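Numbering (the numbering used here), first residue to last: 566 to 653.
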């Protein structure tokens, strides 16, 4: 209940403060938008470039193992598992 009353008071003070200092709010908003756009755009560029590098690696086949290698590894592990079961 205290949180509800505190929230209502904060909203009321916020509306009154916004009405009284609306011009200063617009100045602050105008000063915050360019840095936010700059940082957000830089982050998007970095993530997009990182994704592009990942797609280049997949095209080269570096990350994609051959299916025959998987089958050989599975057979080797199954044989090792059977040997361990026989020892018990």
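Cβ coordinates follow ideal geometry from the N, Cα and C atoms, glycine included. Keep in mind it's a predicted model, so treat the numbers as computed, not measured.
Under the three-state reduction of DSSP output, residue 586 falls in the coil class, being neither helix nor strand. A direct Cα-to-Cα measurement between residue 581 and residue 587 gives close to 10 Å. Here the C-alpha atom of residue 608 lies approximately 27 Å from the C-alpha atom of residue 590.
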